[in-house]
Amino acid sequence: MTEATRPAPPAPRRDPVWRLALLMVLLLAALPFAWHSAQLGARGLFADLSERTHLFEADRPLANVTIFAHMAAGAVITVVAPVQLIGPIRRRWPGLHRAAGHAAVAGSLIAGAGGLGYIALRKTVGGPLMDLGFGLYGALLVLCAMQTLRHGRAGRVAAHRDWAIRLFVLAIGSFLYRLHYGLWYMATGGLWSAEDFTGAFDRVQIFAFYLPYLALAELWLRHRRRITAP
């Protein structure tokens, strides 16, 4: 009588090489922005930068804290978010993945709340439309961070990953905003862009640095659900 053989466990799924390469390129490209944002954010929290940037006002300490905490936390999530999606790190070092995930969530909450606080206290340079666009961005950042944490703690892996993807898109939003401007100025010399951010390109950019990417992420998530459904 032969003993029944157990089926071999499935091989761990490997991420496509192109996805890993894309994440690494994104991470390397974002590092200079993150470093600058971290330095400026940290200095703005502890030093007088009124001669360097209009964002700092010596007689508005609370507004200063909100915007420079937003910058410092934004630097953290810009770097951490791509790392969270690197499969080999997630699978080989789950403890590191969880610690980085907590940093991403905490950073997103601080960045989102800081941005919203600054808008409430001082408004944006681009007026009501920019207040709306940036305010929506901050609110979505906070929402996605809370949902990612909630589903992760509850053990709902699929929902946790979906919200983590949305959080990733928003976490790199500040970098994408500046990347759009850099590419646009290289291509057009700043066409339809004004110093007070009221040009046609500026108006589009208020929403274009995150809403189209969120829409693409939703399409991808729906496609993934269809192909993995039993």
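Take the sequence shown: its position 115, counted from the start at 1, is 108 in my numbering, and no numbers get skipped. Using N, Cα and C, we set each Cβ at its ideal position, and we do this for glycine too. In this text, all values refer to a predicted model and were calculated from it rather than measured experimentally.
Where does residue i land, buried or exposed, given buried means 16+ other C-beta within 10 angstroms?
i: Thr59; result: buried
i: Gln32; result: exposed
i: Tyr178; result: exposed
i: Leu212; result: exposed
i: His153; result: buried
i: Asp52; result: exposed
i: Ala40; result: exposed
i: Trp156; result: buried
i: Leu163; result: buried
CA-CA distance, residue i and residue j?
i: Ala4; j: Arg83; result: A caution first: Ala4 carries a pLDDT of 49, below 50, which makes its placement in the model unreliable, though a value can still be read off. About 16 angstroms.
i: Leu24; j: Val72; result: 7 angstroms
i: Pro75; j: Thr46; result: 29 angstroms
i: Ile158; j: Phe190; result: 29 angstroms
i: Met123; j: Leu134; result: 16 angstroms
i: Arg149; j: Thr141; result: 10 angstroms
i: His95; j: Ala65; result: 16 angstroms
i: Arg91; j: Gly192; result: 42 angstroms
i: Ala138; j: Glu188; result: 32 angstroms
i: Pro48; j: His29; result: At residue 48 the sequence reads Leu, which differs from the Pro that was named. The alpha-carbon atoms of Leu48 and His29 are separated by roughly 15 angstroms.
Three-state secondary structure (DSSP) at residue i?
i: Arg217; result: helix
i: Val98; result: helix
i: Phe202; result: coil
i: Pro9; result: coil
i: Ile60; result: helix
i: Arg83; result: helix
i: His47; result: coil
i: Trp177; result: helix
i: Ala106; result: helix
i: Trp185; result: coil
i: Thr191; result: coil
i: Arg159; result: helix
How about residue i and residue j: are their beta carbons less than 8 angstroms apart?
i: Gly67; j: Ser167; result: yes
i: Glu173; j: Gly108; result: In the sequence under discussion, the amino acid at residue 173 is His, which differs from the Glu named in the question. Not closer than 8 angstroms, so no.
i: Gln77; j: Phe26; result: no
i: Asp8; j: Gly88; result: no
i: Asp195; j: Gly126; result: no
i: Gly105; j: Gly131; result: yes
i: Leu169; j: Phe202; result: yes
i: Phe224; j: Gly34; result: The chain is shown from -6 up to 223; residue 224 falls before or after that span and cannot be answered.
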